[in-house]
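Read top to bottom, the protein sequences are chains A and B.
In the numbering used here, each residue's number is its place in the first sequence (first place is 1) plus 76.
In the numbering used here, each residue's number is its place in the second sequence (first place is 1) plus 57.
One structure is given below, encoded as structure tokens.
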Amino acid sequence: MDSEEKYLDIREKLKNLEPVKAGDDFVYRLHHKIVELEAGKRKEHLKKFDSVRGGFLRNLFANRQYPWLIPAAGFLVLIFFVFYITYLSKNSSLNTESTLPSQKSEQEEKVQSAPSHPPSETNQLSGTNGNNEPGKSNSNEQQVTSQMNNSNQEKDNTSKKNISSDLKDEKKNKVFSDVGKDSNDKDNNDISNTIRTEPFAQKESENKVDAATYNNNSNVDLSKQNSSPEITENDGKVSMEKKSGESSKTGNNSEDNSKDSSKSVATEIESGNKKLIDKLNIINKTNLENLRDKVSDK
Amino acid sequence: MSGNINPDYKKLTDEQLILKFQKEDIDAFNEIVYRYKDRVVNFLYRYTGSREESEDIAQDAFLRLYKSKHLYREIGKFSTWFYTIAINIAKTNLRKKNKYKAISINNYNEDGDKDYELTSKMAATDESANAVSENYHIQKAIDSLEDFQKEVILLRDIQNLDYEEISKILNIPLGTVKSRINRARESLKITLEKIYKSKNSE
């Protein structure tokens with residue numbers, strides 16, 4: 077308080093100083109500055125928004141801060157494009173190469189699996205009927221063929237029987253192989269359903285027809301074919317009737333297969349007949365020579 | 058921003074007004090401008106010695122208030138906060154001006170180029186002439202003070218702020234404020250005595 081009283085005159089002088097007032101346009105100028113400030117804020121906001129909207133490339137190239145960047149970027153894009161094209165072409169060639177071997181392998185697998193299918197297919201087909209044991213017919217047929225071979229060996233002296241046995245062997249083998257092939261095709265085409273529905277009698281008649289065609293082709297073969305069941309019956313091991321019965325038990329499928337293969341068999345039989353005729357001619361010649369030899373000996 | 062001021066806002070305190078302005082009430086800002094423009098301009102005129110400069114600084118202070126309204130906290134008085142803004146802007150301007158003066162050739166003139174303006178539109182009668190000369194001498198004496206003395210004596214004797222408020226505005230201890238005020242008054246007294254002696258001798 078002492079200092080306040082001490083300098084009272086100075087304080088009085090300072091208080092009595094005429095107050096300076098703001099100019100008339102002070103508020104107007106202030107408002108103008110505020111409007112400018114708001115506009116600046118909007119511009120900044122728009123700039124920020126534009127920078128965000130413009131993205132990386134616009135910021136990079138629009139300011140022209142790095143003029144060397146434009147050709148460099150173009151060159152880089154070109155290199156990338158060329159590399160991409162070469163890569164695509166290589167990749168496409170690799171794809172074709174990789175697909176081809178796979179297709180080949182699939183085909184090979186099919187081919188390899190083709191011969192292994194018939195017995196299993198027949199077994200499955202026979203198994204569908206449910207009465208017979210699967211694989212029994214095949215074993216019987218194999219036994220028949222082996223026994224036929226044995227009997228033929230025993231009757232080497234009789235050339236006719238030999239011929240008939242050869243005929244039978246060839247015929248059966250062909251039939252079995254054809255049946256196997258056809259069963260494969262049927263497996264692929266789902267023909268087994270149609271085979272099941274077809275009556276067995278029809279198959280037998282068709283077999284007879286096939287046999288008739290075969291007989292018409294050669295009378296000698298017919299007689300031999302007729303005699304072949306007798307031979308097997310005499311052996312007392314397996315009869316053709318049993319075989320047919322078993323085949324009927326195994327189901328219509330095996331005979332259905334034979335029906336389908338009849339056409340191909342017929343063509344093959346024709347070629348076989350020709351061969352047999354040739355053989356018979358040779359045998360006849362040999363017989364004639366033997367007879368001559370015997371006569372000459374006598 | 059409209060120039061019309063809501064009459065209801067005349068009853069409100071400064072703190073209530075700034076709180077309203079913080080809620081984007083532009084009328085509250087207009088009322089604050091209306092209340093403080095003359096006070097701040099007067100203070101800044103005495104501080105800087107230039108009318109234009111004082112008005113520019115005052116407008117900058119109001120713009121700062123407009124932009125940074127959210128920085129005000131209700132802890133202190135609004136006047137303290139706003140004077141702090143104004144003085145800080147004035148100080149930065151003064152520093153820039155001093156740098157400019159150090160380079161300028163006009164610095165060779167002892168009195169400088171300050172043209173003390175007439176504060177009123179009164180006719181140049183004898184009384185008014187005396188008053189004008191009195192103001193002129195006092196202002197010259199104020200300008201001769203150091204900046205830290207000038208600001209405290211203006212806030213205390215012209216703006217009539219108390220010591221505590223001055224210490225808050227200038228962010229200095231209360232004792233420092235008192236001592237600075239005493240020294241400022243003393244130096245002002247001496248300066249004025251010299252001026253009057255020289256005037257009487259003429």
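From the three backbone atoms N, C-alpha and C, an ideal C-beta is built for every residue, glycine too.
Can you give me the C-alpha to C-alpha distance between residue i and residue j, rounded to a whole angstrom?
| i | j | result |
| --- | --- | --- |
| Arg121 of chain B | Pro147 of chain A | 48 Å |
| Glu131 of chain B | Leu74 of chain B | 11 Å |
| Ile215 of chain B | Asn228 of chain B | 19 Å |
| Arg105 of chain A | Asn257 of chain B | 44 Å |
| His127 of chain B | Ala115 of chain A | 20 Å |
| Ser20 of chain B | Glu94 of chain A | Here chain B has residues from 58 to 259 only, and residue 20 of chain B is not among them. |
| Glu281 of chain B | Asp117 of chain B | Since the first residue shown for chain B is 58 and the last is 259, residue 281 of chain B is missing from the structure and cannot be characterised. |
| His194 of chain B | Asp101 of chain A | 29 Å |
| Thr141 of chain B | Trp144 of chain A | 51 Å |
| Asn291 of chain A | Ile359 of chain A | Here Asn291 of chain A scores only 49 on pLDDT, less than 50, and its place in the model should not be relied on; the value that follows carries that caveat. Rounded to whole angstroms, Asn291 of chain A to Ile359 of chain A spans 20 Å at the Cα level. |
| Val103 of chain A | Val90 of chain B | 8 Å |
| Val158 of chain A | Asn167 of chain A | 14 Å |
| Leu367 of chain A | Asn349 of chain A | 26 Å |
| Lys94 of chain B | Phe135 of chain B | 14 Å |
| Ser375 of chain A | Glu365 of chain A | With chain A running from 77 to 374 in the structure shown, residue 375 of chain A is simply not present. |
| Phe205 of chain B | His108 of chain A | 33 Å |
| His121 of chain A | Val234 of chain B | 44 Å |
| Asn305 of chain B | Ser255 of chain B | Lying before the first or after the last residue shown, residue 305 of chain B is absent from chain B, which here runs from 58 to 259. |
| Tyr163 of chain A | Lys124 of chain A | 41 Å |
| Lys165 of chain A | Asn171 of chain A | The residue you asked about is not Lys; residue 165 of chain A is Ser in the sequence shown. Between Ser165 of chain A and Asn171 of chain A, the C-alpha separation is close to 10 Å. |
| Glu243 of chain B | Glu88 of chain A | 14 Å |
Within 8 Å (strictly less), CB to CB, does residue i reach chain B?
| i | result |
| --- | --- |
| Lys119 of chain A | no |
| Tyr142 of chain A | no |
| Ile161 of chain A | no |
| Leu122 of chain A | no |
| Leu145 of chain A | no |
| Glu86 of chain A | Checking the sequence shown, residue 86 of chain A turns out to be Ile, not Glu. Answer yes: the Cβ-Cβ gap between Ile86 of chain A and chain B drops below 8 Å somewhere. |
| Leu113 of chain A | yes |
Within 8 Å (strictly less), CB to CB, does residue i reach chain A?
| i | result |
| --- | --- |
| Gln216 of chain B | no |
| Gln116 of chain B | yes |
| Ala181 of chain B | Summary for Ala181 of chain B: the model assigns pLDDT 48, below 50, so the residue's position carries little reliability, and this model does not support an answer. |
| Ile195 of chain B | yes |
| Thr212 of chain B | The residue asked about is misnamed: residue 212 of chain B is Leu in this sequence, not Thr. No, Leu212 of chain B lies away from the interface with chain A (no Cβ there is under 8 Å from its Cβ). |
| Glu221 of chain B | no |
| Val90 of chain B | yes |
| Glu112 of chain B | yes |
| Asn150 of chain B | no |
| Leu120 of chain B | yes |
| Asn63 of chain B | no |
| Asn257 of chain B | no |
| Asn145 of chain B | no |
| Asn155 of chain B | no |
So residue i and residue j are in contact, right, with Cβ under 8 Å, and what is the actual spacing, rounded?
| i | j | result |
| --- | --- | --- |
| Ala85 of chain B | Val97 of chain B | No, Ala85 of chain B and Val97 of chain B are not in contact; Cβ-Cβ is about 17 Å, not under 8 Å. |
| Leu113 of chain A | Lys124 of chain B | 7 Å |
| Arg103 of chain B | Ile199 of chain B | 6 Å |
| Leu212 of chain B | Ala147 of chain B | Going by Cβ atoms, the distance from Leu212 of chain B to Ala147 of chain B rounds to 12 Å, so no, they are not a contact pair. |
| Lys225 of chain B | Thr137 of chain B | 5 Å |
| Ile210 of chain B | Ile238 of chain B | 6 Å |
| Ala98 of chain A | Glu112 of chain B | 6 Å |
| Gly133 of chain B | Gln196 of chain B | Not a contact, Cβ separation roughly 30 Å. |
| Leu245 of chain B | Ile110 of chain A | Not really, about 37 Å apart at Cβ, beyond 8 Å. |
- Message: Any C-beta of chain A within less than 9 Å: which residues of the segment 122-142 of chain B qualify?
- Response: Listed by position, the residues of the segment 122-142 of chain B near chain A (Cβ gap below 9 Å) are Tyr123, Lys124.
- Those runs of the alpha helix (DSSP H) which lie wholly inside the segment 97-165 of chain B and span at least 4 residues: Counting only runs of 4 or more, we get 108-124, 135-160.
- Closer than 7 Å, Cβ to Cβ, to anything on chain B: give me those residues from the segment 88-111 of chain A, in chain order. Within the segment 88-111 of chain A, the residues whose Cβ lies closer than 7 Å to some Cβ of chain B are Lys89, Leu90, Lys91, Leu93, Glu94, Pro95, Val96, Lys97, Ala98, Gly99, Phe102, Val103, Arg105, Leu106, His107, Lys109, Ile110, listed in chain order.
- Quick one: which residues of the segment 94-107 of chain B get their C-beta closer than 7 Å to a C-beta of chain A? List them in chain order. Among the residues of the segment 94-107 of chain B, those with a Cβ less than 7 Å away from any Cβ of chain A are Lys94, Asp95, Val98, Asn99, Tyr102, in the order of the chain.
- Item | Residues of the segment 223-248 of chain B with Cβ closer than 8 Å to any Cβ of chain A, in chain order | For chain A, the residues of the segment 223-248 of chain B that bring a beta carbon within less than 8 Å of one of its beta carbons are Lys235, Ile238, Asn239, Arg242, Glu243, Leu245, Lys246, in chain order.
- With a floor of 4 residues, list each alpha helix (DSSP H) that falls wholly inside the segment 79-131 of chain A, ordered by position along the chain. Fully enclosed alpha helix (DSSP H) runs of 4 or longer: 84-92.
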